[in-house]
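Here's the structure we're looking at; comments come further down.
In this note's numbering, the protein residues as written are 2 to 365.
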């Protein structure tokens with residue numbers, strides 16, 4: 002969309018003093034809402050407990066469950082998260098309504114929106130969605146990597162979308178004020194969710210497939226446009242496999258913040274600036290530790306599904322984009338949006354205003 006400026010290795014953008022001052026002010030005054038916060042350790046690990054607030058994040062969609070097929074375990078995960086938020090209420094506030102985001106901002110805390118990546122726990126009992134809504138869950142991606150009773154995830158190798166039960170689940174989520182997320186849905190399920198939902202839909206942490214060929218996890222122009230046309234939001238993530246990879250070998254390549262901004266520009270070109278936001282999916286502690294758990298996507302899915310998760314190591318995270326690898330570098334994104342020529346209103350929309358609009362409409 003816009004031309005990027007020249008820069009140095011230490012300074013990613015060649016901004017003048019006025020632009021730097023403007024970017025710093027915008028990062029301070031804009032409401033920053035993260036489409037996807039990846040780890041509950043941000044709540045209770047002393048080393049990372051201040052990380053989201055220090056990054057000036059007003060609120061974030063925190064993954065508290067989803068892939069497990071065990072309903073009891075999933076319930077425990079939600080209730081445990083509520084307890085963690087309560088025990089760390091100096092830094093965090095549970096978000097169950099749009100007003101809670103305002104309260105979090107006014108009290109210098111980060112609002113936690115409880116969300117699911119996947120709904121395997123539903124099985125054949127749609128009343129469980131109602132229970133989750135009553136417990137405060139506000140975002141649900143109906144599928145993760147595998148298929149389930151509701152539809153197919155991004156790693157399934159068949160052209161199936163939502164099941165009949167999945168279509169009913171969409172309606173229940175609409176009725177319960179739950180935001181539907183399509184980040185890990187396959188192509189058909191993504192389009193089905195948008196088609197059957199009366200409410201706007203989000204893709205909380207994705208890339209653009211026109212720029213990175215990650216099947217399912219990077220959305221096609223048709224999908225980006227459909228989400229935008231339905232009033233929804235596409236949240237661009239710096240997660241390496243969906244930002245930069247060799248289109249033939251799927252080898253994940255080292256990206257920079259400029260590559261992330263290219264994805265933002267592309268999504269804006271396709272669906273309009275009101276349809277674009279940011280979804281971090283940045284796992285600071287995992288990157289710092291230098292290793293990943295045996296249950297992680299890269300360990301479990303990469304070797305069998307490089308078309309989704311790229312070709313690369315299975316024992317550690319890929320290097321995140323230079324200058325946007327951790328929450329401590331989030332202000333660089335604001336500087337980058339200024340560098341690309343976005344207006345103040347557009348910057349604030351991408352950083353959080355666009356997601357807030359969807360949340361406000363769905364949580365009404």
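Note that the Cβ used here is the ideal one computed from N, Cα and C, for glycine as well.
task: Indicate whether residue 315 and residue 40 have their beta-carbon atoms separated by less than 9 angstroms.
output: Indexing the chain shown from 1 puts residue 315 at position 314. Indexing the chain shown from 1 puts residue 40 at position 39. Not a contact, by the Cβ cut-off of 9 angstroms.
task: In the DSSP assignment, find the beta strand (DSSP E) that holds residue 95 and state where it starts and stops.
output: Here residue 95 refers to the residue found at position 94 of the chain shown. Start and end: 93-95.
- prompt: Is it true that the CB of residue 117 sits closer than 9 angstroms to the CB of residue 65?
  reply: Within the chain shown, numbered from 1, the residue matching residue 65 stands at position 64. Within the chain shown, numbered from 1, the residue matching residue 117 stands at position 116. Contact flag set, yes.
query: Taking three-plus beta-carbon pairs below 8 angstroms as touching, is the segment 316-323 in contact with the segment 290-305?
result: Under the three-pair Cβ rule at 8 angstroms, the segment 316-323 counts as touching the segment 290-305.
- request: Mind checking which residues open and close the beta strand (DSSP E) that includes residue 63?
  value: As a position in the chain shown, residue 63 is number 62, starting the count at 1. Residue 63 -> beta strand (DSSP E) spans 58-66.
Close-in-space but distant-in-sequence residues of the same chain around residue 33 (CB under 7 angstroms, 5 per side omitted): The sequence position of residue 33 within the chain shown is 32, counting from 1. Cβ contact annotation for residue 33 (same chain, cutoff 7 angstroms, sequence separation greater than five): 57, 58, 59, 352 and 353, in chain order.
query: Would residue 188 pass as a contact of residue 246 if the rule is Cβ separation under 9 angstroms?
result: On the chain shown, position 187 is the one that residue 188 refers to. On the chain shown, position 245 is the one that residue 246 refers to. No, they are not a contact pair.
query: What is the DSSP secondary structure of residue 154, reduced to helix, strand or coil?
result: For the purposes of this step, residue 154 is identified with residue 153 of the chain shown, where counting begins at 1. Looking at residue 154 - three-state DSSP - the assignment turns out to be strand.
- prompt: Taking C-alpha atoms, which residue in 70, 197, 28 and 140 lies nearest to residue 126?
  reply: Locating residue 126 in the chain shown gives position 125, where the first residue counts as 1. With respect to the C-alpha of residue 126, the residue from 70, 197, 28 and 140 having the closest C-alpha is 70.
- request: Work out the CA separation of residue 159 and residue 1 for me, nearest whole Å.
  value: In the structure as shown, the chain begins at 2 and stops at 365. Residue 1 is therefore absent and cannot be evaluated.
- prompt: Residues in its own chain within less than 6 angstroms of residue 257 by CB, not counting five upstream and five downstream?
  reply: Locating residue 257 in the chain shown gives position 256, counting from the first residue. For residue 257, where only same-chain residues beyond five positions count, the Cβ hits under 6 angstroms are 322 and 323.
task: Look at the Cβ atom of residue 171, then the Cβ atom of residue 145, and state whether they are nearer than 9 angstroms.
output: For the purposes of this step, residue 171 is taken as the residue at position 170 of the chain shown. For the purposes of this step, residue 145 is taken as the residue at position 144 of the chain shown. No, the pair does not count as a contact, with Cβ atoms beyond the cut-off.
task: Could you tell me the boundaries of the alpha helix (DSSP H) in which residue 195 lies?
output: Along the chain shown, one-based indexing puts residue 195 at 194. Run containing residue 195: 188-197, per the alpha helix (DSSP H) assignment.
message: Can you determine whether any heavy atom of the ligand NAD sits closer than 8 angstroms to the C-beta of residue 98, and answer yes or no?
response: Because no ligand of any kind appears in the structure shown, any question about the ligand NAD cannot be addressed here.
- request: List the DSSP bridge partners of residue 352.
  value: Here residue 352 refers to the residue found at position 351 of the chain shown. Answer is none; residue 352 lacks a bridge partner.
- request: Spatial neighbours of residue 3 within its chain, please: CB distance less than 6 angstroms, with the 5 preceding and 5 following residues excluded, ordered by chain position.
  value: Along the chain shown, read from residue 1 onward, the residue named residue 3 stands at position 2. Any answer about residue 3 is weak, because its pLDDT of 45 lies below 50 and its placement is not dependable; what the coordinates show is given next. If we look at residue 3 and ignore the five residues flanking it on each side, its Cβ neighbours are 341 and 342.
task: Determine the contact status of residue 217 and residue 264, defining contact as a CB-CB distance below 9 angstroms.
output: Stepping through the chain shown from its first residue, residue 217 is reached at position 216. Stepping through the chain shown from its first residue, residue 264 is reached at position 263. Cβ distance not < 9 angstroms, so residue 217 and residue 264 don't count as in contact.
- prompt: If you draw a straight line from the C-alpha of residue 12 to the C-alpha of residue 110, how long is it?
  reply: For this step, residue 12 is matched to residue 11 along the chain shown. For this step, residue 110 is matched to residue 109 along the chain shown. Going from the Cα of residue 12 to the Cα of residue 110 covers about 29 angstroms.
For residue 249: DSSP bridge partner residues: Translated into the one-based positions of the chain shown, residue 249 becomes position 248. Partner(s): none; residue 249 has no beta bridge.
Euclidean distance between Cα positions of residue 363 and residue 210: Locating residue 363 in the chain shown gives position 362, where the first residue counts as 1. Locating residue 210 in the chain shown gives position 209, where the first residue counts as 1. Distance between the alpha carbons of residue 363 and residue 210 is about 27 angstroms.
query: Of all the options 242, 167, 268 and 214, which has the alpha carbon lying nearest to the alpha carbon of residue 249?
result: Within the chain shown, numbered from 1, the residue matching residue 249 stands at position 248. Cα-wise, what sits closest to residue 249 is 214.
message: Taking DSSP's pairing of strands, which residues face residue 236 in a bridge?
response: Counted from its first residue, the chain shown places residue 236 at position 235. Answer is 278.
- request: Mark residue 7 as exposed unless 16 or more other C-beta atoms lie within 10 angstroms of its C-beta, in which case mark it buried.
  value: Within the chain shown, residue 7 is the residue found at index 6, counting from 1. For residue 7, the predicted model reports a pLDDT of 48, less than 50, meaning its position is unreliable; a value from the coordinates is still stated below. Exposure of residue 7 is indicated by the presence of fewer than 16 other C-beta atoms within 10 angstroms of its C-beta.
- request: Look at the alpha carbon of residue 129 and the alpha carbon of residue 96, and state the distance between them as a whole number of angstroms.
  value: Reading the chain shown from its first residue, position 128 is the one you call residue 129. Reading the chain shown from its first residue, position 95 is the one you call residue 96. Cα to Cα, the separation comes out at about 20 angstroms.
- request: On a CA-only basis, which of 36, 306, 22 and 185 is nearest residue 282? Give me that one, please.
  value: Mapped onto the chain shown, residue 282 falls at position 281. The candidate whose alpha carbon is nearest that of residue 282 is 36.
Segments assigned alpha helix (DSSP H), at least 4 residues, entirely inside the segment 106-191: As summarised for the segment 106-191, the continuous alpha helix (DSSP H) elements at least 4 residues long and confined to that stretch are 128-135 and 165-177, given in chain order.
query: Where DSSP assigns a beta bridge to residue 31, which residues make up the other side?
result: Within the chain shown, the letter at position 30 stands for residue 31. DSSP output for residue 31 lists no bridge partner at all.
message: Cutting at 8 angstroms between CB atoms, please list the residues of its own chain near residue 230, excluding the five before and the five after it.
response: One-based indexing of the chain shown puts residue 230 at position 229. 272.
- request: Would you please state the rounded distance, in angstroms, between the beta carbons of residue 148 and residue 205? I believe it to be under 8 angstroms.
  value: Taking the first residue of the chain shown as 1, we reach residue 148 at position 147. Taking the first residue of the chain shown as 1, we reach residue 205 at position 204. Not quite, the Cβ-Cβ distance comes to about 20 angstroms (not below 8 angstroms), so this is no contact.
query: Which value, in whole angstroms, describes the spacing of the CA atoms of residue 122 and residue 222?
result: Locating residue 122 in the chain shown gives position 121, counting from the first residue. Locating residue 222 in the chain shown gives position 221, counting from the first residue. In this structure, the straight-line span from the alpha carbon of residue 122 to that of residue 222 is close to 31 angstroms.
message: On the DSSP bridge list, what partners appear for residue 208?
response: To locate residue 208, count along the chain shown from 1; it is residue 207. Looking at the DSSP output, residue 208 sits in a beta bridge with 219.
query: Can you tell me whether residue 267 is buried or exposed, with buried defined as 16 or more other CB within 10 angstroms of its CB?
result: The residue given as residue 267 occupies position 266 in the chain shown. Flag for residue 267 reads buried.
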